[in-house]
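The structure appears right after this line, and notes come after that.
In UniProt numbering, the protein residues as written are 1 to 257.
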């Protein structure tokens, strides 16, 4: 296991990551010795849902440790903690476990008010939740459909994805960040993981992101790429492509990047 690691994926992990397993642990391997009285995130480096929780941890600079898991061969000691067996799972210092990316992210926001990610205005909060819901109900399914079809269906799936992205662009409007904000908020962090993967995924599927149609969204992406939380959690485009290729071949390669 390594302390305050630098991943071989192109990002520099923050100093608040006090321990991260150097590899994705699998069934048959011992449970790592965890530091006491510390938040523990069970994660997988390429999981966009787990990245949501990591983004919140980095935005708030909360001290924590990360246990990376092989999601094909999950360790029994993890399954004993997690009802769903999915990541992210957040282990609190008191031993309680929270699951789901939105649940864990919102819990961290409520429990740790520093660097708040939700505005005090109820209408703005509702607007923000609407953006997150739109991403989950429309954009994410369109994103994954790209790899589930072929031929003309794949072209249609790509065009549908672009249409959904244009709708997200309309929701952004002329603001620097979503929900009319001048700074990064919860909505921006909750949708970012799929935008980090957008260009490499489209390229792998044989398409190019039409940046001229998505100018405002591309500008937002540029602003997001400068955020500390993004810099400390991101993977390189090359790593995303290589991992996705391994996933599509049903032989996910979790380590070695």
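No residue lacks a Cβ here, since even glycine has one placed at the ideal position from N, Cα and C.
TODO: Starting from the C-beta of residue 216, find all residues in its chain whose C-beta is less than 6 Å away, skip the five residues before and the five after it, and write them out in chain order.
DONE: 169 and 172
Task: One or two residues paired with residue 89 in a DSSP bridge - done: 42 and 99
- [ ] In the DSSP assignment, find the alpha helix (DSSP H) that holds residue 58 and state where it starts and stops.
- [x] 48 to 59
Task: Unbroken alpha helix (DSSP H) run spanning residue 200, endpoints - done: 198 to 205
TODO: Using the Cα positions of residue 2 and residue 128, report the straight-line distance between them to the nearest angstrom.
DONE: Reliability of the predicted coordinates at residue 2 is poor, the pLDDT of 41 falling under 50, and the value obtained from them is presented with this limitation in mind. Approximately 36 Å between the Cα atoms of the pair.
- [ ] Count the CB pairs spanning the segment 84 to 104 and the segment 41 to 60 that are closer than 8 Å, and state whether there are at least three.
- [x] yes
Open item on the list: Could you compute how far the alpha carbon of residue 255 sits from the alpha carbon of residue 135?
Closed with: 29 Å
Task: Buried/exposed call for residue 93, threshold 16 Cβ in 10 Å - done: exposed
Task: residue 34 classed as buried or exposed, judged by whether at least 16 other C-beta atoms fall within 10 angstroms - done: exposed
Open item on the list: Could you compute how far the alpha carbon of residue 253 sits from the alpha carbon of residue 21?
Closed with: 16 Å
TODO: Would you be able to state if there are at least three C-beta pairs under 8 Å between the segment 195 to 212 and the segment 58 to 75?
DONE: no
Task: Secondary structure, alpha helix (DSSP H): runs of 4+ residues fully inside the segment 120 to 204 - done: 122 to 134, 140 to 145, 152 to 172 and 186 to 196
- [ ] Quick one: give me the first and last residue of the alpha helix (DSSP H) that residue 216 is part of.
- [x] 215 to 224
Task: Alpha-carbon to alpha-carbon, residue 160 and residue 137 - done: 13 Å
Task: Start-to-end residues for the alpha helix (DSSP H) that takes in residue 76 - done: 76 to 79
Task: When 251, 69, 141 and 55 are compared against residue 115, the one with the closest alpha-carbon - done: 55
Task: Local Cβ density within 10 Å of residue 80, reported as buried at 16 or more and exposed below that - done: exposed
Task: Nearest candidate by alpha-carbon position, reference residue 112, set 241, 59, 72 and 124 - done: 59
Task: residue 25 - DSSP class collapsed to helix/strand/coil - done: strand
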